[in-house]
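Below is one structure, written out as structure tokens; the observations come after it.
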Amino acid sequence: MRSDRSQSAPLGLKIAAACGLLFLHLPILLIFVYAFTTEEKSFVWPPPALTTQWFAVTWNRPDVWQALSLSVRVAAISTAIALVLGTLCSAAVSRTQFFGRETISLLVILPIALPGIITGIALRSAFALADIPFSFWTIVLGHATFCVVVVYNNAVARFRRTSGSMIEASMDLGADGFQTFRHVVLPNIATALLAGGMLAFALSFDEVIVTTFTAGQQQTLPIWMLEELIRPRQRPVTNVVAMVVVLVTLLPILLAYYLTRDGDQIAGSSK
Amino acid sequence: MTSAVSFARVSRHFGSVRAVDAVDLDIVPGEFFAMLGPSGSGKTTCLRLIAGFEQPTAGSIAIFGERAEGVPPYRRNVNTVFQDYALFPHLNVLDNVAYGLMVKGVGKPERQKAAEEALSLVRLPGYGARRPGQLSGGQRQRVALARALVNQPKVLLLDEPLGALDLKLRENMQEELKSLQKALGITFVFVTHDQGEALSMADRVAVFNDGKIMQIGTPEDIYQRPKTRFVADFVGSSNVLPPDFVQRYSGQHRWGSLRPESIRVGSAASGDGVAARLVSTNYLGATTRLALDAGGLRLHAIVPAGTALPEQGEAVVLTFNREHLHLMDEPA
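The listed protein sequences derive, respectively, from chains A and B. For the first sequence, the working numbering gives the first residue as 21, with consecutive numbering after it. For the second sequence, the working numbering gives the first residue as 942, with consecutive numbering after it.
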């Protein structure tokens, strides 16, 4: 426990902390402000006047909806694939000893360490070589490569902290493999999977580099935003979209944060 | 009568390691059976073979007359108390205890009632709502016991269940386990490396070494009449006497064993006996343990506290009753 709770931090430290926070969050606030500006061709400071018309404009633009729906679908499917593969992989690596285990562990983590551009080029050449046309599934495949890593890392850390004899205890008490998974394994890794899944979803949702190599003519939301920036008209539409995305994603992230925090406490005090 | 557990030439090899090597074993229904041995002697692997976590490489296992090879752990009427208890951290104590009944599809009120009863049996009534993380080591141990017993197993396996407890708690649990076993009449199979624990609790003890059973018998058999040098040495540190020495006293050229408390230590002037020198003394409270050197043969004697002790390095004469000298089966 902190003993000097009553003492407040020195003034210099407070100012430094405030500057740090401003540096992190001021650009995001700027994006919010520009969503209400009346100037549509360029971003001028200060905004000449404020308006809410861009919300209506955004609502009526079909390309926004298309990009948003594509991004959500890609992120959802990639996360689902990552949850299954990442969990299976982490279970195999943490439950058993076998030849080449460390190598496999490294190979699973490697895609997130590789620059996205390498993954992108590699996938593009592979698709070209195998004569696979760009589609929804080529984007999903590209995103799954790094989503698996995130889920794997979360799950493997949790598996490492759970007692291995728990699974044997469950079998001993009469539960078959499926019942053991449902009643013992899943509850113990659920919060880790939720956190990993959230992060995977977020990573996929704003991915640009790999996507440019695997999407062809399709536009995910981040790619749509990039294209939109070069267009001279209706610029604040991008800001409106950005603002809504920030607000909508903030809630699940806060939720995941609280859930995993509780999970850590339970897992930590149990053994 | 069919055996509770029967091993016929059972082996379990891990690569070139013979963890269990051609073991024959018959455990009588309702007995408290201890498997005693140093770590790596194969006793825990034997337990896991009974539980079904391991399959034998060779030989056959029967549990109450039914062949057990290939039967998964969840279809055996056998339950285990694990060394680390392996309680489920996400469930409260009551749900932990009721787990076995829950997966078998017993209704909620019924299984909770049974779990409450099992908790009373291990003297933890009213602890159902707590989490395993809120319990002490001794309490977790009792929960693990209740969780196994609620399934009314035919055989209860205990893997070093008292290993993590402190001395006082361990002594209490020993008595409690013993009386619980008598009251329930369930066959208990108990793995331990502590010979005192095995001797005080078990009806019969199997002494393991290098994947083989060295000797099976009552605690008295094992303690008074060890068959091999290993058993004599491991169970209560008996003096192992070489064949030449034994021949002088018994006329037979065989390995012998002599319990340290059977040796009397007298002054050098007191007459006939084995001439020796006192090397060191070790005060143990109620007794004192003497290390002696009898012409190159290292012997130990235990004398009651308060006995007048010779000086260190002093010459002494050792005497013992001939009938206390036990001849072992092991060939010379």
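We put the CB at the ideal spot given by N, CA and C, even for glycine. None of the values given here were measured: they were computed from a predicted structure.
Under 9 Å Cβ-Cβ, which residues of chain A neighbour residue i?
| i | result |
| --- | --- |
| B/F1029 | M186, A189, S190, H203, V204, P207, N208, S290 |
| B/R1088 | A189, L193 |
| B/F994 | E188, M191, D192 |
| B/P1102 | Those within 9 Å of B/P1102 in chain A number zero; the least Cβ separation is about 13 Å. |
| B/N1020 | D192, L193, G194 |
Interface residues of chain A around residue i at Cβ under 7 Å?
| i | result |
| --- | --- |
| B/G1041 | L193, G194 |
| B/T985 | Chain A residues near B/T985: none, gap ~12 Å exceeds 7 Å. |
So, using beta-carbon positions, are residue i and residue j closer together than 8 Å?
| i | j | result |
| --- | --- | --- |
| B/D1144 | B/E972 | yes |
| A/A220 | A/A102 | yes |
| B/D1234 | B/V1244 | no |
| B/A1227 | B/V1257 | no |
| B/S1191 | B/N1180 | no |
| B/G1041 | B/R1081 | no |
| A/T72 | A/F56 | yes |
| B/Y1068 | B/V1034 | yes |
| A/G136 | A/V171 | no |
| B/A1055 | B/V1084 | no |
| B/A1070 | B/R1052 | no |
| A/F63 | A/R255 | yes |
| A/V260 | A/W74 | yes |
| B/A1173 | B/M1269 | yes |
| A/G140 | A/F225 | no |
| B/E1126 | B/Q1024 | According to the sequence as given, residue 1126 of chain B is Gly; it is not Glu. Cβ distance not < 8 Å, so B/G1126 and B/Q1024 don't count as in contact. |
Rounded to whole angstroms, how far is the Cβ of residue i from the Cβ of residue j, which I believe are closer than 8 Å?
| i | j | result |
| --- | --- | --- |
| B/Q1115 | B/E1138 | 6 Å |
| A/T165 | A/P207 | Contact flag wrong, Cβ pair sits at about 29 Å. |
| A/F154 | A/A100 | Incorrect: roughly 21 Å between the Cβ atoms, too far for contact. |
| B/H1265 | B/S1203 | 4 Å |
| A/D192 | B/N1020 | 6 Å |
| B/T998 | B/R953 | 5 Å |
| B/L1140 | B/Y1164 | 6 Å |
| A/A96 | A/Q239 | Contact flag wrong, Cβ pair sits at about 17 Å. |
| B/P915 | B/H1134 | The displayed coordinates of chain B run from 942 to 1273. Any statement about residue 915 of chain B would go beyond what the structure contains. |
| B/G983 | B/G1152 | 4 Å |
Near residue i, which residues of its chain fall below 7 Å by C-beta distance, leaving aside the five closest residues on each side in sequence?
| i | result |
| --- | --- |
| B/F1005 | T943, A945, K1095 |
| B/I968 | S944, A945, V946, F974, T1128, V1130 |
| B/L1110 | G1079 |
| A/S114 | V176, F179, R180 |
| A/T200 | I187, S190, M191 |
Starting from residue i, find everything on chain A with Cβ-Cβ shorter than 8 Å and list it in chain order.
| i | result |
| --- | --- |
| B/K1054 | Within 8 Å Cβ-Cβ: nothing; B/K1054 doesn't reach chain A, min ~18 Å. |
| B/N1092 | L193, G194 |
| B/Y1068 | Those do not exist, as B/Y1068 stays about 16 Å from chain A at its closest Cβ, beyond 8 Å. |
| B/P1014 | E188, M191, D192 |
Excluding sequence positions up to five away, which residues of its chain have a Cβ less than 6 Å from the Cβ of residue i?
| i | result |
| --- | --- |
| A/V228 | P242 |
| B/A988 | Per the sequence shown, residue 988 of chain B should be read as Leu rather than Ala. Hits under 6 Å: L1098, D1100, V1132. |
| B/P1251 | L1219, V1257 |
| A/S28 | none |
Can you tell me whether residue i is helix, strand or coil according to DSSP?
| i | result |
| --- | --- |
| B/R1195 | coil |
| B/Q1156 | strand |
| B/E1101 | coil |
| B/R1025 | Checking the sequence, you will find Asp at residue 1025 of chain B rather than Arg. Reduced to three states, the DSSP call for B/D1025 is coil. |
| A/F75 | helix |
| B/L1118 | helix |
| A/S294 | The structure shown does not extend to residue 294 of chain A, since chain A is modelled only from 21 through 291, so no value can be given for it. |
| B/T1248 | coil |
| A/V205 | helix |
| B/G978 | coil |
| A/R22 | With a pLDDT of only 48 at A/R22, under 50, the local geometry of the prediction cannot be trusted, and no value is derived from it. |
| B/R1008 | strand |
| A/V170 | helix |
| B/Y1068 | coil |
| B/V1063 | coil |
| B/H954 | strand |
| B/D1213 | coil |
| B/V961 | strand |
| B/S1179 | coil |
| B/V1091 | coil |
| B/D1185 | helix |
Using a Cβ cut-off of 8 Å, pull out every chain B residue sitting near residue i, in sequence order please.
| i | result |
| --- | --- |
| A/Q117 | Correct list: empty, because the minimum Cβ distance to chain B is about 11 Å. |
Using a Cβ cut-off of 7 Å, pull out every chain B residue sitting near residue i, in sequence order please.
| i | result |
| --- | --- |
| A/Q199 | V1044 |
| A/S183 | D1025, A1027 |
Using C-beta distances below 8 Å, list every residue in its chain close to residue i, excluding the 5 sequence neighbours before and after it, in chain order.
| i | result |
| --- | --- |
| B/L966 | V946, S947, F948, V951, C987, A1147, I1154, I1157 |
| A/R93 | F156 |
| B/T1159 | D1144, R1145, V1146 |
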